[in-house]
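The sequence shown: position 133 = 133 (full-length UniProt numbering), numbered continuously.
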Amino acid sequence: QYRSLSRDRDEIRLVVVHSGEGQHPVYYHIITAELDSVLQYIAVSYTWATEDGDCSKSREIYVKMESTVGQVTRRVQVTANCENTLRQLRDKCLERIMWIDSVCIDQSDIYERNHQVGLMEKIYQNAVHVEVCIQYLR
Numbered sequence: 001q002y003r004s005l006s007r008d009r010d011e012i013r014l015v016v017v018h019s020g021e022g023q024h025p026v027y028y029h030i031i032t033a034e035l036d037s038v039l040q041y042i043a044v045s046y047t048w049a050t051e052d053g054d055c056s057k058s059r060e061i062y063v064k065m066e067s068t069v070g071q072v073t074r075r076v077q078v079t080a081n082c083e084n085t086l087r088q089l090r091d092k093c094l095e096r097i098m099w100i101d102s103v104c105i106d107q108s109d110i111y112e113r114n115h116q117v118g119l120m121e122k123i124y125q126n127a128v129h130v131e132v133c134i135q136y137l138r
């Protein structure tokens, strides 16, 4: 469940990917920030589909979030390429802040999706650097 973003302030979501390595599960939490803030993040561009053309949400990553009963962990379905990209880009010891479209944009909200797509040029320009993954990562 995504919290609505402010369009007036060009607010975006960022993924804080928790440290980990190898085949350990990918854990993250989501923060929001104004696009013009000084928060440093990595923008990630990758292909949604595998080399076989599969873009089904067949993998799970785990989001940690606050709820009325304290912190809870929820499973989120993502594409195989998204999960593999996050796994490859996470740091062994440190959290990394990233913007990755399929997780940071509420894909079920057409208005948000359209607005965020309009901000993508600026999202990539404001990133500390951009990681481009053009093939399926094994």
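Think of the CB as a built atom: it goes at the ideal place given N, C-alpha and C, for glycine as much as any other residue.
In this text, all values refer to a predicted model and were calculated from it rather than measured experimentally.
- Under DSSP, Glu60 forms a beta bridge with Gln77.
- In the three-state reduction of the DSSP assignment, Gly118 falls in the helix class, which pools H, G and I.
- Shown here, Glu11 sits in a strand according to DSSP, grouped into three states.
- A distance below 8 Å separates the beta carbons of Ile42 and Glu131.
- Straight across, the Cα-Cα distance linking Asp10 with Leu35 is about 6 Å.
- Per the DSSP secondary-structure output, Arg96 pairs in a beta bridge with Val17.
- When secondary structure is reduced to three states using DSSP, Gln88 falls in the helix class.
- About 23 Å separates the Cβ atoms of Thr73 and Ser56, ruling out a contact at the 8 Å cut-off.
- A distance of 8 Å or more separates the beta carbons of Trp99 and Ile30.
- Short of 7 Å from the beta carbon of Asp8, and not among the five residues preceding or following it, lies no beta carbon of its own chain.
- Burial state of Tyr46 is buried, judged by a 10 Å Cβ sphere holding 16 or more other Cβ atoms.
- Taking a contact as a CB-CB distance under 8 Å, the pair Tyr28 and Asp106 does not count as one, their CB atoms being some 16 Å apart.
- If you look at Val103, you'll find it in the alpha helix (DSSP H) that goes 101 to 104.
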